[in-house]
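Enquirer: According to mature numbering (1 follows the signal peptide of the UniProt record, and there is no 0), the residues represented by the sequence shown are -24 to -1, 1 to 295, in order. Don't be surprised by glycine CBs; every beta carbon is placed ideally from N, CA and C. The structure displayed is predicted, hence computed values, not measured ones. Got a structure for you, questions after.
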Amino acid sequence: MLHLRNWLTVGAVALAVTPIAATAEDWPDGTIELIIPSRPGGGTDIMGRIVADYLQQALDTPVVVVNQPGGGGIVAYEQVRNADPDGQTLLFQHNGLLVNAHTGKYDRGVEDFSIVAVAQSYPPQVFAVGADAPWTTLRDFVEDARARPGELTVGVALGGGSHFIAGALMANEDIELRLVEAAAEVDKVAGVQGGHISIGNMGAGAARQFEQAGQMRGLCTFEPEADPDYPEYPTCASQGVDITWITPLIVWGPAGIDPAITEKINAAIAGMADDATVQERLVSTDSAFKAYSVAESKALVAEEDAKIAELAESLQLNN
């Protein structure tokens, strides 16, 4: 049996080893790790490094990029989810985390993370078809698909973001397309050029390059607004087709971060909007930055989460 003196000793030791909660005044407290669930050199990695470089300069503290592509991103998700909620370990990822959560590839979701900021938007995407295809607008393609259910094909990464984009097009326009596995953009380009795929989505820059070479035709961008850098690609909505899709790049943290720390990180990232070097680098990657408050970031992620959940159910991917 422990006597009172022993209980007091045990209590004192427990208090001594209990970690002190991080506060906004402490952040940043040493090196910040930005975990990116992709290999070096890819689009997400390039844009994540823009954020990391800016924060390192603006905060005058080391910011280390850690590429962790294992498990289709899940290793990175878990590394951040299980980190101390002190704002020193952050995740840079698009809404692929939501896709993985709603397709059963990952058994965690938005509630298991802190939404810190929306860092950037992915480069504009367009629907493209072969150079000799009979469709000059997406409306032409949709009407042809409606007349021939299941005959026209669309290149997608099955279970990935492009699968959901195709699913949204089919659901919104009440058409049936045959899905063809084409995980990488290069696969979609080859399939569309070779006539094995009727339509595929790709970056506007790639579409322009191949269109100028006479190898492809871009129909429209499914961004909410037309991109002034690509005036040749109107929005799909302007062609009378009900499809828009965005791919926000999000900074996530472990659940339980002090809201004051979250606000401080968000404010630091917001400074990218006024940095000339950042803006120049974003232009070179066809990306853009718009500052979102923490509340706005949470609202955007919640909207995307609900949309992806609904599509996962309609596509029967929520197993």
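Report, in whole angstroms, the separation of the C-beta atoms of G216 and P61, which I expect to be a contact under 8 Å.
Expert: So it is not a contact: roughly 47 Å between Cβ atoms.
Enquirer: Classify N71 as helix, strand or coil using the three-state DSSP reduction.
Expert: In the structure shown, N71 sits in coil (DSSP, three-state: anything other than H, G, I, E or B).
Enquirer: Quick check on the DSSP output: the alpha helix (DSSP H) that includes Q33 runs from which residue to which?
Expert: Segment 19 to 35, the alpha helix (DSSP H) holding Q33.
Enquirer: Answer yes if the segment 4 to 16 comes into contact with the segment 35 to 48, meaning at least three C-beta pairs across the two stretches below 8 Å, and no otherwise.
Expert: Touching, yes.
Enquirer: Can you tell me where the beta strand (DSSP E) holding V86 begins and where it ends?
Expert: From DSSP, V86 is part of no beta strand (DSSP E); its letter is neither H nor E.
Enquirer: Quick one: which unbroken beta strand (DSSP E) runs of 3-plus residues sit fully inside the segment 243 to 294? Chain order, please.
Expert: Counting only runs of 3 or more, we get nothing.
Enquirer: Secondary structure at V(-8), three-state DSSP: helix, strand or coil?
Expert: Any answer about V(-8) is weak, because its pLDDT of 48 lies below 50 and its placement is not dependable; what the coordinates show is given next. Residue state, collapsed to three classes: helix.
Enquirer: Relative to the C-alpha of G131, which candidate in P110, G171, Y98, A93 has its C-alpha closest?
Expert: Taking only the C-alpha atoms, the option nearest G131 is G171.
Enquirer: Taking only runs that begin and end inside the segment 153 to 184, name each unbroken beta strand (DSSP E) of 3 or more residues, in chain order.
Expert: Listed in chain order, they are 154 to 157, 175 to 179.
Enquirer: Kindly indicate which residue of D150, A182, I151 has the alpha-carbon position closest to the one of K164.
Expert: Out of D150, A182, I151, A182 has the C-alpha closest to the C-alpha of K164.
Enquirer: Check P235 in the structure and name its three-state DSSP category.
Expert: Three-state DSSP puts P235 in a helix.
Enquirer: Is the distance from the Cβ of D218 to the Cβ of T(-2) below 8 Å?
Expert: Going by C-beta atoms, D218 is not nearer than 8 Å to T(-2).
Enquirer: I'd like the span of the alpha helix (DSSP H) that includes N148, first residue to last.
Expert: Looking at the DSSP string, the run of the alpha helix (DSSP H) that includes N148 is 137 to 149.
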